[in-house]
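Here the sequence shown is numbered in the numbering used here, starting from 976 and rising by one per residue.
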Amino acid sequence: MTQYGQIKSYDSGKGHGTIAPEKGGEVLDFRKADLQQEAAEPQSGQRFGYETKKVAGNKDCATNLRQQEQGQEHSQKDDQRNQASKQQG
């Protein structure tokens, strides 16, 4: 299941970063290889979608990170509302 969070930090030299879940909880680690767009370096504060996986010691980490455009979810909801309004009226 896709979750969302904001990048807290990213060290391009080490290829390692952290992401804070939007719904709260522990900050999760990720590696450059976990990014869907490896060429794009994540910046602090950017919103990403991700899944979690267990690593050594049964610790959660983020994987399959995908950058989310600002307002992406809101625009989809607005489109759905507009379509419903057109159907009613």
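We treat Cβ as the ideally placed atom computed from N, Cα and C, and that holds for glycine.
- Pick helix, strand or coil for K1007, following the three-state DSSP scheme. As a position in the sequence shown, residue 1007 is number 32, starting the count at 1. In this structure, K1007 counts as helix in the three-state DSSP scheme.
- Would you list the residues sitting across from E1026 in a DSSP beta bridge? To locate residue 1026, count along the sequence shown from 1; it is residue 51. In the DSSP output, where bridge partners are listed per residue, E1026 has T1038.
- Task: Name the two residues that bound the continuous beta strand (DSSP E) containing S1019.
- Result: By 1-based counting over the sequence shown, the position of residue 1019 is 44. Per DSSP, S1019 is not a residue of any beta strand (DSSP E), being assigned neither H nor E.
- Which stretch, first to last residue, makes up the beta strand (DSSP E) that contains K983? For the purposes of this step, residue 983 is taken as residue 8 along the sequence shown, with counting starting at 1. Note, K983: beta strand (DSSP E), Q978 to D986.
- Query: Mapping DSSP to helix, strand and coil, what is G992?
  - Reply: Translated into the one-based positions of the sequence shown, residue 992 becomes position 17. DSSP places G992 in strand when its eight states are reduced to three.
- Task: Check each candidate in Q1042, Q978, D1035 and K1028 and name the one with the smallest Cα separation from E997.
- Result: Residue 997 sits at position 22 when you count from the first residue of the sequence shown. Among Q1042, Q978, D1035 and K1028, the Cα nearest to that of E997 belongs to Q978.
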